[in-house]
């Protein structure tokens, strides 16, 4: 029984916070881009994992974010994104995420409806969505190079907002985001 207690006390939880800036696009994940479109957004994430030496790491990411897609919509979201990471010499990593979340979108342009034969601006309460996501990325651990508890990462994600329009007119949107971020580890 003492060996079990010793094992439990040796494993510590590692906590991190990260900020990222990304560009969002409504597209299929592997579609070629004919022009650069900038629809900026950002995320703030809290990450927690067991401190394990070795090549593999499993992390829970709790993320909040926002993006503005001009002439279409603006979206705020909360998500849980488990991350599986493969480390190389504690310097580089490759990671994959599979996320689920809640998003709420608001149209960026006014909408109108006919009332008493006249057009009236309609209130925009937004639309709730289920937000599944799948992503891959890579990171550079600056602690291994400079002794600072920071990591720079790049991540590409495909995600969807479902349903997009009520009454089944548009069941989901295919979206992608490409982002760069900075992660700070507390312990």
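In the numbering used here, the protein residues as written are 60 to 246. Glycine is no exception: its CB is placed at the ideal position from the N, C-alpha and C atoms. Since the model is a prediction, treat every value here as computed from it, not as a measurement.
query                                                                                                                  : result
Proximity of residue 245 and residue 221 at Cβ, strictly below 8 Å                                                     : no
Rounded C-alpha distance that separates residue 333 from residue 143                                                   : Here the chain covers residues 60 to 246 and nothing more, so residue 333 does not appear.
Length of the line joining the Cα atoms of residue 122 and residue 102                                                 : 7 Å
Buried versus exposed, by CB contacts within 10 Å (16 or more), residue 120                                            : buried
The region 212 to 220 touching the region 185 to 201, judged by at least three CB pairs closer than 8 Å                : yes
Neighbourhood of residue 177 by C-beta, 7 Å cutoff - its chain only, sequence neighbours within 5 removed              : none
Those residues which DSSP pairs with residue 194 across a bridge                                                       : 156, 216
Segment limits, alpha helix (DSSP H) that includes residue 135                                                         : Looking at the DSSP string, residue 135 is not in any alpha helix (DSSP H); the run it does join, the beta strand (DSSP E), is 132 to 147.
Among 133, 153, 125, 129, nearest to residue 185 - alpha-carbon criterion                                              : 133
Residue 194 versus residue 218: straight-line alpha-carbon distance, rounded                                           : 8 Å
Residue 170 classed as buried or exposed, judged by whether at least 16 other C-beta atoms fall within 10 angstroms    : exposed
Which of helix, strand or coil DSSP assigns to residue 234                                                             : strand
Spatial neighbours of residue 161 in its chain, beta-carbon cut-off 6 Å, leaving aside the 5 residues before and after : 137
Cα-Cα separation between residue 81 and residue 135, rounded to whole angstroms                                        : 14 Å
Same chain, Cβ closer than 6 Å to residue 71, neighbours up to 5 away in sequence not counted                          : 110
Assumed close pair residue 179, residue 168 - CB separation to whole angstroms, cut-off 8 Å                            : The pair is not a contact, with the Cβ atoms about 15 Å apart (cut-off 8 Å).
Euclidean distance between Cα positions of residue 99 and residue 164                                                  : 15 Å
8 Å Cβ cutoff met for residue 79 and residue 240                                                                       : yes
Reference residue 237; option with closest CA among 223, 216, 243                                                      : 216
Per DSSP, cross-strand counterpart(s) of residue 200                                                                   : 210
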